[in-house]
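*Asks:* The structure's right below; bear with me while I get my questions together.
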Ligand code: TA6
């Protein structure tokens with residue numbers, strides 16, 4: 004998809020990392036390493052592409068994704084922070100779903116070229132805009148370690164003088180061959196079904212993709228795997244610092260309803276998200292940090 008965008012090189016940030024811009028000034032980090040290709044946008048510190056050489060892309064990106072300052076990109080790994088889903092009513096009304104991090108412009112704060120890959124860090128600091136939405140001081144870091152796998156660490160640092168609580172998700176859209184080709188395993192058997200008003204249900208530790216799914220699974224003690232027969236691969240998702248895994252596909256009608264997703268988009272994506280969804284969230288004391296990590300391999 005990215006090759007279809009008309010991007011111009013701005014400058015080289017390291018041997019494998021180039022900053023590019025589209026004709027609206029929207030900025031992309033393009034990574035071409037001998038082992039893999041990857042791409043981020045500075046908008047949302049959003050991983051939008053990861054593909055190990057000679058393999059299918061690991062991450063799904065909508066062919067109709069919208070690249071502007073208002074919207075989160077459909078696909079990749081949106082950074083949902085400092086809340087998941089709707090904001091707590093105590094914070095006010097008309098707040099953006101899934102927080103403001105994924106629609107903010109981040110900075111690249113560090114790039115290290117490793118023998119086996121790349122480490123790249125993005126930072127978002129509180130500013131007047133964020134303070135209007137969420138009255139706390141923070142330094143949010145997304146540290147991506149890309150090798151033959153993706154490791155994303157979302158580090159929330161409280162730089163203020165009062166504690167804050169946050170909820171979050173690394174909202175990973177995995178690329179799949181076809182729903183009927185996949186089987187998910189390793190799930191906790193307790194989940195809240197968001198399609199039934201959050202009702203708590205008991206299911207299996209395995210799941211097929213054969214209908215709309217929007218479920219907040221209690222954190223699993225195991226890695227979650229997505230085995231894909233047609234792609235002849237097993238994708239493993241290992242999460243730490245999370246209290247849940249969110250599984251989601253909009254399925255047929257949901258895909259039709261999204262203008263930034265092709266009608267058949269549901270056939271090649273499935274979300275397995277490392278998430279902090281408990282109502283209380285995670286409390287971070289001043290001058291301390293908390294990390295949410297997902298490793299996708
Ligand atoms: O992760 C599941 C979910 O919360 C769904 O309820 C759905 O809203 C999805 O996220 C996508 O949200 P978005 O705001 O990116 O369209």
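Residue numbers (our numbering): 4 to 300. Built from N, CA and C at the ideal position, the CB exists for glycine as well. All values derive from a computational prediction rather than experimental measurement.
To which residues of the same chain is residue 18 closer than 8 Å at the C-beta, ignoring the five residues directly before and after it?
*Replies:* For this step, residue 18 is matched to residue 15 along the chain shown. 116.
*Asks:* Where do the ends of the beta strand (DSSP E) carrying residue 2 lie?
*Replies:* What the structure shows of the chain is the stretch from 4 to 300, and residue 2 is not part of that stretch, so it cannot be assessed.
*Asks:* So for residue 89, helix, strand or coil by DSSP?
*Replies:* Position 86 of the chain shown holds residue 89. The three-state reading of DSSP puts residue 89 in coil, since its state is none of H, G, I, E or B.
*Asks:* Could you compute how far the alpha carbon of residue 187 sits from the alpha carbon of residue 140?
*Replies:* Working through the chain shown from its first residue, we reach residue 187 at position 184. Working through the chain shown from its first residue, we reach residue 140 at position 137. So the two alpha carbons sit approximately 39 Å from each other.
*Asks:* Does DSSP put residue 152 in a helix, a strand or coil?
*Replies:* Translated into the one-based positions of the chain shown, residue 152 becomes position 149. Three-state DSSP puts residue 152 in coil, outside helix and strand.
*Asks:* How would you label residue 138, buried or exposed, when you count the other beta carbons within 10 angstroms and need 16 or more for buried?
*Replies:* For the purposes of this step, residue 138 is taken as residue 135 along the chain shown, with counting starting at 1. Under this definition residue 138 is an exposed residue.
*Asks:* What are the residues that DSSP puts in a beta bridge with residue 169?
*Replies:* The sequence position of residue 169 within the chain shown is 166, counting from 1. Answer by DSSP bridge pairing, in chain order: 285.
*Asks:* Does the Cβ of residue 12 have 16 or more other Cβ atoms within 10 Å, making it buried, or fewer, making it exposed?
*Replies:* Counting from 1 along the chain shown, the entry for residue 12 is found at position 9. So residue 12 ends up on the exposed side.
*Asks:* Output the distance between the C-alpha atoms of residue 195 and residue 174, rounded to the nearest integer angstrom.
*Replies:* Your numbering for residue 195 matches position 192 in the chain shown. Your numbering for residue 174 matches position 171 in the chain shown. Computed Cα separation, rounded: 17 Å.
*Asks:* Using the three-state DSSP reduction, which class does residue 105 fall into: helix, strand or coil?
*Replies:* Position 102 of the chain shown, counted from the first residue, corresponds to residue 105. In the structure shown, residue 105 sits in a helix (DSSP, three-state: H, G or I).
*Asks:* So, helix, strand or coil for residue 266, using DSSP?
*Replies:* Walking along the chain shown from the start, residue 266 turns up at place 263. In the structure shown, residue 266 sits in coil (DSSP, three-state: anything other than H, G, I, E or B).
*Asks:* Kindly provide the chain-ordered list of residues whose Cβ lies closer than 5 Å to any non-hydrogen atom of the ligand TA6.
*Replies:* 100, 217, 249 and 251
*Asks:* Grab the span of the beta strand (DSSP E) containing residue 136 for me, first residue to last.
*Replies:* Reading the chain shown from its first residue, position 133 is the one you call residue 136. Here residue 136 belongs to no beta strand (DSSP E); instead the alpha helix (DSSP H) covers 131-136.
*Asks:* Find out if the Cβ-Cβ distance for the pair residue 279, residue 87 is shorter than 8 Å.
*Replies:* For the purposes of this step, residue 279 is identified with residue 276 of the chain shown, where counting begins at 1. For the purposes of this step, residue 87 is identified with residue 84 of the chain shown, where counting begins at 1. Going by C-beta atoms, residue 279 is nearer than 8 Å to residue 87.
*Asks:* Assuming residue 56 and residue 39 are in contact, meaning their beta carbons sit under 8 Å apart, how far apart are those beta carbons, in whole angstroms?
*Replies:* Along the chain shown, one-based indexing puts residue 56 at 53. Along the chain shown, one-based indexing puts residue 39 at 36. The C-beta distance from residue 56 to residue 39 rounds to 6 Å, short enough to fall under 8 Å.
*Asks:* Look at residue 157 and residue 149 and say whether their C-beta atoms are less than 8 Å apart.
*Replies:* Translated into positions along the chain shown, residue 157 becomes position 154. Translated into positions along the chain shown, residue 149 becomes position 146. No, Cβ-Cβ distance for residue 157 and residue 149 is not below 8 Å.
*Asks:* In chain order, what residues of the same chain have a beta carbon less than 7 Å from the beta carbon of residue 64, not counting five sequence neighbours either side?
*Replies:* Numbered from its first residue, the chain shown carries residue 64 at position 61. Counting only Cβ-Cβ distances below 7 Å, and skipping sequence neighbours, we find 4, 51, 52, 78 and 79.
*Asks:* Would you tell me roughly how many angstroms separate the C-alpha atoms of residue 200 and residue 114, rounded to the nearest one?
*Replies:* Start at 1 with the first residue of the chain shown, and residue 200 comes out as number 197. Start at 1 with the first residue of the chain shown, and residue 114 comes out as number 111. One C-alpha to the other measures close to 43 Å.
*Asks:* Mind the definition here: the segment 121-140 touches the segment 160-173 only if three or more C-beta pairs lie below 8 Å; say whether that holds.
*Replies:* yes
*Asks:* For residue 221, which three-state DSSP category applies?
*Replies:* Position 218 of the chain shown, counting from 1, holds the residue named residue 221. Residue 221 falls in the strand class under three-state DSSP.
*Asks:* Apart from the five residues just before and just after residue 270, which ones in its own chain have a Cβ nearer than 7 Å to its Cβ?
*Replies:* Looking up residue 270 in the chain shown gives position 267. 181 and 182.
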